[in-house]
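First to last, the protein sequences are chains A and B. Under our numbering, the residues of the first sequence are numbered 1 to 293, in order. Under our numbering, the residues of the second sequence are numbered 1 to 293, in order. Glycine residues also receive a C-beta, built at the ideal position from the N, C-alpha and C atoms.
There are 2 protein chains.
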Amino acid sequence: MTAVGFAGLGTMGAAMAANVARAGFHVRAWNRTPGRVAALLELGVTEAPDPAALAADAEIVVVCVSDTPDVEQVLFGDRGIAAGARPGTIVVDCSTISPSATRAFAARLAAGGISLVDAPVTGGSEGARKGTLSILVGGAPEDVERVRPVLAAMGTTITHFGPVGSGQVAKAVNQVVIATGYLSVAEGLALAMKAGLDPEQVVTALSGGVAASWILANRSGRMIENDYPLGFKVALHRKDLAIALALAREIGVSLPGSSLVAALEDGLIARGHGEEDQSSIARVIRGLSGMED
Amino acid sequence: MTAVGFAGLGTMGAAMAANVARAGFHVRAWNRTPGRVAALLELGVTEAPDPAALAADAEIVVVCVSDTPDVEQVLFGDRGIAAGARPGTIVVDCSTISPSATRAFAARLAAGGISLVDAPVTGGSEGARKGTLSILVGGAPEDVERVRPVLAAMGTTITHFGPVGSGQVAKAVNQVVIATGYLSVAEGLALAMKAGLDPEQVVTALSGGVAASWILANRSGRMIENDYPLGFKVALHRKDLAIALALAREIGVSLPGSSLVAALEDGLIARGHGEEDQSSIARVIRGLSGMED
Numbered sequence: 001m002t003a004v005g006f007a008g009l010g011t012m013g014a015a016m017a018a019n020v021a022r023a024g025f026h027v028r029a030w031n032r033t034p035g036r037v038a039a040l041l042e043l044g045v046t047e048a049p050d051p052a053a054l055a056a057d058a059e060i061v062v063v064c065v066s067d068t069p070d071v072e073q074v075l076f077g078d079r080g081i082a083a084g085a086r087p088g089t090i091v092v093d094c095s096t097i098s099p100s101a102t103r104a105f106a107a108r109l110a111a112g113g114i115s116l117v118d119a120p121v122t123g124g125s126e127g128a129r130k131g132t133l134s135i136l137v138g139g140a141p142e143d144v145e146r147v148r149p150v151l152a153a154m155g156t157t158i159t160h161f162g163p164v165g166s167g168q169v170a171k172a173v174n175q176v177v178i179a180t181g182y183l184s185v186a187e188g189l190a191l192a193m194k195a196g197l198d199p200e201q202v203v204t205a206l207s208g209g210v211a212a213s214w215i216l217a218n219r220s221g222r223m224i225e226n227d228y229p230l231g232f233k234v235a236l237h238r239k240d241l242a243i244a245l246a247l248a249r250e251i252g253v254s255l256p257g258s259s260l261v262a263a264l265e266d267g268l269i270a271r272g273h274g275e276e277d278q279s280s281i282a283r284v285i286r287g288l289s290g291m292e293d
Numbered sequence: 001m002t003a004v005g006f007a008g009l010g011t012m013g014a015a016m017a018a019n020v021a022r023a024g025f026h027v028r029a030w031n032r033t034p035g036r037v038a039a040l041l042e043l044g045v046t047e048a049p050d051p052a053a054l055a056a057d058a059e060i061v062v063v064c065v066s067d068t069p070d071v072e073q074v075l076f077g078d079r080g081i082a083a084g085a086r087p088g089t090i091v092v093d094c095s096t097i098s099p100s101a102t103r104a105f106a107a108r109l110a111a112g113g114i115s116l117v118d119a120p121v122t123g124g125s126e127g128a129r130k131g132t133l134s135i136l137v138g139g140a141p142e143d144v145e146r147v148r149p150v151l152a153a154m155g156t157t158i159t160h161f162g163p164v165g166s167g168q169v170a171k172a173v174n175q176v177v178i179a180t181g182y183l184s185v186a187e188g189l190a191l192a193m194k195a196g197l198d199p200e201q202v203v204t205a206l207s208g209g210v211a212a213s214w215i216l217a218n219r220s221g222r223m224i225e226n227d228y229p230l231g232f233k234v235a236l237h238r239k240d241l242a243i244a245l246a247l248a249r250e251i252g253v254s255l256p257g258s259s260l261v262a263a264l265e266d267g268l269i270a271r272g273h274g275e276e277d278q279s280s281i282a283r284v285i286r287g288l289s290g291m292e293d
């Protein structure tokens, strides 16, 4: 069975590595902060001392870290993946990072005969645990086909959009759509509640029509309670929105709604709510409207 | 069977009156522009010469016109409903108008023993034809119960939110949620298309996750084609958004996203696109981004 390296065992990465191990792959793992492999030992996962060693033993290396500089460090830093990987190795980057940085990383890896497939995911920690992620893939067709069995162990929907970087573009699009999507529900609920309507009755009545959305169905309750357990952190969405807005600037796309949401999320983070679920954008509208926030 | 008057036979009103007639009510109708009753004659609908005459023969009078001044004219203008209705008559206003004007109209009608139930609808012209509208109702409980059989002939979901005006508040909430909802899909698609992704592949991939919405599922195709058949007119949504933003100001709610959409729709209307479907907000994002708009 293919040997798979896993770099990055955060909430998402640990759950994804576990599913890859359960699918029968030989999984070796590394995490910047030690101790995270312990929970995976019973699945037969072994620990590598650094990314170079991880890559030396693997045909496919999955990277699942936070941001563009983290990916650069894991790939090209001291004892990074590029220092250990043999030619023919494929790196699968499941982090959400810049599409243009992704293309630059791919070019640097190609010099050593290493391929890059970008494969950011949607579906959250629950999707990572259950192996039901939607995986947004960019890369050369032959590389994508080689890594598909590993992707299939992590997610149920695998969409190949085009060359390397295009999975990251699709993820940026997703983060743009949900940015204003959360704001839309937050504004509607603030209006309903301050006007004295029963907000749950409003949600039910609106759910059958044009206003229906996953966010209305699944996150309006948090906004009504004004309590925001995770979910997906505001700070991470803001990071992803920065990637999307940078991409938009690079290619000349103007996103007034997403830019507004970025500014509102900046305020939310400044006030100490960055670790809450993204639905806490409702706090901003409540605060602007003289409601408890 | 209850005698029902119908004032206003536009696209929505004509279809709703037809369903009320099909349900067995004795329907008499009036429209400001003559000739609209002809298509309803085969259903046994008769024509009244003016709203006062319409109301004199009816126990329940349904009003379905465009805006707050139109409702005021039909109710209180020369030969208006108030001039003809007997005490005990209930007016059901299915127009989308100002909640505070609705409460004021209710007080003026009450002086003559006439009740008002506000009952704006969602579900569009297709819902009006099929009798599957969602009806958002405000009014005294006993009035709402008396008119419920007529509402049930027009829609499948009837939600009573509270006292008179609260149906209009719920409709304003709906128009706020969809305002930013359309913008969210328009921004995502502009980014996807200018970045070179296949937008239909993006829609499919995003439809299983947090970005899923009725608008993404049902209106992204129009935005991809850049062609905007109705649907629901930009100009009417802008009118409804003016009502929602006025309500928000009255009660001290700040709606930054909806205010932005109002400004963008103003631009769209100024450029001659007010009669297109609301999804043509995508033209604004395309235009700002140097794409064909």
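- With 8 Å as the limit, tell me which residues of the segment 198-215 of chain B have their beta carbon closer than that to any beta carbon of chain A; keep them in chain order. Across the segment 198-215 of chain B, CB contacts with chain A closer than 8 Å involve D198, Q201, V202, T204, A205, L206, G208, G209, V210, A211, A212, S213, W214 and I215, in sequence order along the chain.
- Query: Buried or exposed: A:D240, going by 16 or more other Cβ atoms within 10 Å of its Cβ?
  - Reply: A:D240 is classed as buried because its beta carbon has at least 16 other beta carbons within 10 Å across all chains shown.
- Task: Identify, in the order they occur along the chain, each residue of the same chain with its Cβ nearer than 8 Å to the Cβ of A:V173, setting aside the five sequence neighbours on each side.
- Result: The beta carbon of A:V173 sits closer than 8 Å to those of A244, all from its chain and outside the five residues before and after it, given in chain order.
- List, in order along the chain, the chain B residues whose C-beta lies closer than 9 Å to that of A:K360? Limits of chain A in this structure are 1 at one end and 293 at the other, which puts residue 360 of chain A out of reach.
- Query: For the segment 255-264 of chain A against the segment 21-31 of chain B, are there 3 or more C-beta pairs whose distance is under 8 Å?
  - Reply: Contact between the segment 255-264 of chain A and the segment 21-31 of chain B is absent, because fewer than three Cβ pairs lie under 8 Å.
- Under the three-state reduction of DSSP, which class applies to A:I158: helix, strand or coil? DSSP places A:I158 in strand when its eight states are reduced to three.
- Task: Taking A:I243 as the query, report the chain B residues whose CB atoms sit under 9 Å from its CB, ordered along the chain.
- Result: Result: empty, since nearest Cβ-Cβ is about 11 Å, beyond 9 Å.
- Query: Are the beta-carbon atoms of B:I269 and B:R238 separated by less than 8 Å?
  - Reply: Taking 8 Å as the cut-off, the Cβ atoms of B:I269 and B:R238 count as close.
- Query: If you compare alpha carbons, which of B:I224, B:V202 and B:A55 is closest to B:L75?
  - Reply: Ranking B:I224, B:V202 and B:A55 by Cα distance to B:L75 puts B:A55 first.
- Item | Distance between B:S289 and B:K194 (C-alpha atoms, nearest Å) | So the alpha carbons of these two residues sit roughly 8 Å apart.
- So, using beta-carbon positions, are A:V164 and A:A119 closer together than 8 Å? In this structure, A:A119 does not lie closer than 8 Å to A:V164 by Cβ.
- Message: Taking the straight line between their C-alpha atoms, what separation do you get for A:S125 and A:D277?
- Response: Distance between the alpha carbons of A:S125 and A:D277 is about 12 Å.
- Item | Proximal residues to A:A17 (C-beta, below 7 Å), its chain only, five neighbours per side dropped | Taken in chain order, the residues that qualify are F6, L9, V27, A29, L40 and V45.
- Residues of its chain near A:L230, where Cβ-Cβ distance is below 6 Å and the 5 sequence neighbours each way are ignored: These residues qualify, in order along the chain: D277.
- Query: chain A beta carbons: is any one of them nearer than 8 Å to that of B:A111?
  - Reply: It does not; no Cβ of chain A falls within 8 Å.
- Query: Closest to A:L247 by CA distance: which of A:N218, A:E225 and A:S166 is it?
  - Reply: In terms of Cα proximity to A:L247, the closest of A:N218, A:E225 and A:S166 is A:S166.
- Item | A:G162 at chain B interface by Cβ criterion, 8 Å | Yes, its Cβ sits closer than 8 Å to a Cβ of chain B.
- Message: For A:P294, which residues in the same chain have their Cβ closer than 6 Å to its Cβ, ignoring the five residues on either side in sequence?
- Response: For chain A, the structure presents residues 1 to 293; residue 294 of chain A sits outside this window and is missing.
- Query: Does the Cβ of A:R249 have 16 or more other Cβ atoms within 10 Å, making it buried, or fewer, making it exposed?
  - Reply: Per the 10 Å Cβ criterion, exposed.
- Task: Measure the alpha-carbon distance for A:S220 versus A:V203 and round it to whole angstroms.
- Result: The alpha-carbon atoms of A:S220 and A:V203 are separated by roughly 7 Å.
- Item | Nearest residue (CA-CA) to B:A153, options B:D293, B:V177 and B:I135 | Taking the Cα of B:A153 as reference, the smallest distance to any Cα among B:D293, B:V177 and B:I135 is reached at B:I135.
- Task: Run down chain B in chain order and give the residues with a C-beta less than 8 Å from the C-beta of A:S279.
- Result: In chain order: nothing, as chain B lies at least about 10 Å away.
- Item | Bounding residues of the beta strand (DSSP E) (the contiguous stretch that carries A:V91) | Unbroken beta strand (DSSP E) run through A:V91: I90 to D93.
- For B:N79, which residues from the same chain have a beta carbon less than 7 Å from its beta carbon, with the 5 sequence-adjacent residues on both sides left out? Before going further, note that residue 79 of chain B is Arg rather than Asn in the sequence given. These residues qualify, in order along the chain: D50, P51 and A52.
- Message: When you compare the CB positions of B:G272 and A:S213, do they come within less than 8 Å of one another, or not?
- Response: No, Cβ-Cβ distance for B:G272 and A:S213 is not below 8 Å.
- C-beta contact flag for A:V147 and A:V92 at 8 Å: In contact: A:V147 and A:V92 (Cβ atoms closer than 8 Å).
- Message: Can you confirm whether B:N19, when its beta carbon is compared against all beta carbons of chain A, has any partner nearer than 8 Å?
- Response: Closer than 8 Å: no.
- Query: DSSP state of B:I114, grouped into three classes?
  - Reply: Collapsing the DSSP output to three states places B:I114 in coil.
- Nearest to A:R108 (by Cα), restricted to the options A:G252, A:V71, A:R129 and A:H160: Per the Cα distances, A:V71.
- What distance in whole Å lies between the Cβ atoms of B:G123 and A:G209, which are believed to be in contact at a cut-off of 8 Å? About 6 Å separates the CB atoms of A:G209 and B:G123; that is less than 8 Å, so the two are in contact.
- Message: Which residues in chain B have a C-beta closer than 8 Å to the C-beta of A:G290? List them in chain order.
- Response: Chain B residues near A:G290: G252.
- Query: Among the residues of its own chain, which have a CB less than 7 Å from the CB of A:V176, if the five just before and after it don't count?
  - Reply: Excluding residues within five positions, the ones whose Cβ falls inside 7 Å are A244, L255 and S258.
- For chain A, find out if any of its Cβ atoms is closer than 8 Å to the Cβ of B:K194; answer yes or no. Yes, B:K194 lies at the interface with chain A (some Cβ there is under 8 Å from its Cβ).
- Query: alpha helix (DSSP H) containing B:F76: first to last residue?
  - Reply: T68 to F76 is the span of the alpha helix (DSSP H), which, as asked, contains B:F76.
- How about A:G267: is its C-beta nearer than 8 Å to some C-beta of chain B? No, its Cβ sits nowhere closer than 8 Å to a Cβ of chain B.
- Work out the CA separation of A:I281 and A:L264 for me, nearest whole Å. Between the alpha carbons of A:L264 and A:I281 lies a distance of about 7 Å.
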